[in-house]
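For reference, the structure discussed in these notes is given below.
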Amino acid sequence: IAGITQAPTSQILAAGRRMTLRCTQDMRHNAMYWYRQDLGLGLRLIHYSNTAGTTGKGEVPDGYSVSRANTDDFPLTLASAVPSQTSVYFCASSASGSSYNEQFFGPGTRLTVL
Amino acid sequence: AQSVSQHNHHVILSEAASLELGCNYSYGGTVNLFWYVQYPGQHLQLLLKYFSGDPLVKGIKGFEAEFIKSKFSFNLRKPSVQWSDTAEYFCAVISHGSGNTGKLIFGQGTTLQVKP
């Protein structure tokens, strides 16, 4: 069982380019999340999805979009990358969006926007 | 807005020393509380969690945390740290307010360095 996989592991991107970070989970979890981790700020929620077909905005959604066409996949797209989006991105999932469910995290994608 | 504050940003200890990492949150309602650990180069893993009941919760690897509702705190402790405990530690909170959708609010993180 892989749990949560993310791709790519790392990426250097020119400003203005479009980029999609991939996230796949094999736990049949209903809820999925995208966070960015920045030094001194901890993890901040970008977008979330409580079930396939629905998405919602987190704390820092600007410049990012997501889709949830099926249970397993939750890609994060940067339509036009900017240097402030340089960060480590973590995908997470939980059995449901209930506050009683533990979130499981993927290995992360380190993105550098130049 | 809800927030989580971790007071210690960088802690350096020698092996066998005792550890206490502070965590305070700002939310007056019912909360669930978590501590996650991120070892170098790895993803976040759950150390322990508090939902209800005994405010002293025990987690993996000898860690424990105490929920003190009156102080809005959930400090992490370990009596004797090991070199392998070197990692970054995150406190996180989920509130039970209306519209809650399982959104974890994280603290800034504390980097623990244990010297052998």
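Residue numbers (the working numbering), protein chains in the order written: chain A, 1 to 114; chain B, 1001 to 1116. The C-beta atom is built at its ideal place from N, Cα and C for all residues, glycine as well.
message: By the DSSP assignment, the beta strand (DSSP E) with B:Gly-981 in it spans what residues?
response: Outside the shown range of chain B, which is 1001 to 1116, sits residue 981 of chain B, and nothing can be said about it.
message: Restricting to Cα atoms, I'd like to know which of A:His-29, A:Arg-17, A:Arg-44 and A:Ser-10 is closest to A:Ser-98.
response: Taking only the C-alpha atoms, the option nearest A:Ser-98 is A:His-29.
message: Using CA atoms only, rank isn't needed, just tell me which of B:Gln-1108, B:Asn-1008, B:Glu-1064 and B:His-1096 is closest to B:Gly-1029.
response: Checking every option, the nearest Cα to that of B:Gly-1029 belongs to B:His-1096.
field: Start-to-end residues for the beta strand (DSSP E) that takes in A:Ser-94
entry: 87 to 94 is the extent of the beta strand (DSSP E) around A:Ser-94.
- request: Compare the C-beta of A:Leu-41 with all C-beta atoms of chain B and state if any pair is closer than 8 Å.
  value: Using beta-carbon distances, A:Leu-41 counts as an interface residue toward chain B, with a partner under 8 Å.
query: Going straight from the alpha carbon of B:Asn-1075 to that of A:Tyr-48, what length do you get?
result: Approximately 28 Å between the Cα atoms of the pair.
task: Tell me whether B:Leu-1056 is buried or exposed, calling it buried when 16 or more other Cβ atoms sit within 10 Å of its Cβ.
output: Counting the other Cβ atoms within 10 Å of the Cβ of B:Leu-1056 gives fewer than 16, which makes it exposed.
- request: With 8 Å as the limit, tell me which residues of the segment 64 to 77 of chain A have their beta carbon closer than that to any beta carbon of chain B; keep them in chain order.
  value: None of the residues of the segment 64 to 77 of chain A has a beta carbon lying less than 8 Å from any beta carbon of chain B.
field: Three-pair Cβ contact test at 8 Å for the segment 12 to 27 of chain A versus the segment 73 to 87 of chain A
entry: At 8 Å Cβ cutoff, the stretches touch.
Rounded separation between A:Val-66 and B:Gly-1059 - CA only: Near 34 Å, if we compare the C-alpha coordinates of B:Gly-1059 and A:Val-66.
query: Using DSSP with H/G/I as helix, E/B as strand and the rest coil, what is B:Ser-1098?
result: With a pLDDT of 49 at B:Ser-1098, under the threshold of 50, the modelled position of this residue cannot be trusted; read the value that follows with caution. In the structure shown, B:Ser-1098 sits in coil (DSSP, three-state: anything other than H, G, I, E or B).
message: Suppose you measure from the CA of A:Ile-46 to the CA of A:Tyr-35; what does that come to, to the nearest Å?
response: Whole-angstrom Cα-Cα distance: 5 Å.
message: Looking at chain A, is there any beta carbon in it that lies within less than 8 Å of the beta carbon of B:His-1007?
response: No Cβ of chain A is located within less than 8 Å of the beta carbon of B:His-1007.
message: For a test of the three-state rule: what should DSSP assign to A:Gly-56, helix, strand or coil?
response: Annotated three-state conformation of A:Gly-56 is strand, per DSSP.
query: Which one of A:Leu-114, A:Thr-112 and A:Ser-93 has the shortest CA to CA distance from B:His-1043?
result: Of A:Leu-114, A:Thr-112 and A:Ser-93, the residue nearest in Cα terms is A:Ser-93.
query: Taking Cβ positions only, does A:Gly-53 come closer than 8 Å to chain B?
result: Taking CB atoms only, A:Gly-53 has no neighbour in chain B less than 8 Å away.
message: Beta carbons nearer than 9 Å to chain B: which residues of the segment 87 to 108 of chain A have them?
response: So the close ones are Phe-90, Ala-92, Ser-94, Ser-96, Gly-97, Ser-98, Ser-99, Tyr-100, Asn-101, Glu-102, Gln-103, Phe-104, Phe-105, Gly-106, Pro-107 and Gly-108.
- prompt: Hey, would you say B:Thr-1121 sits closer than 8 Å to B:His-1007, going by beta carbons?
  reply: Outside the displayed span of chain B (1001 to 1116) sits residue 1121 of chain B, for which this structure offers no information.
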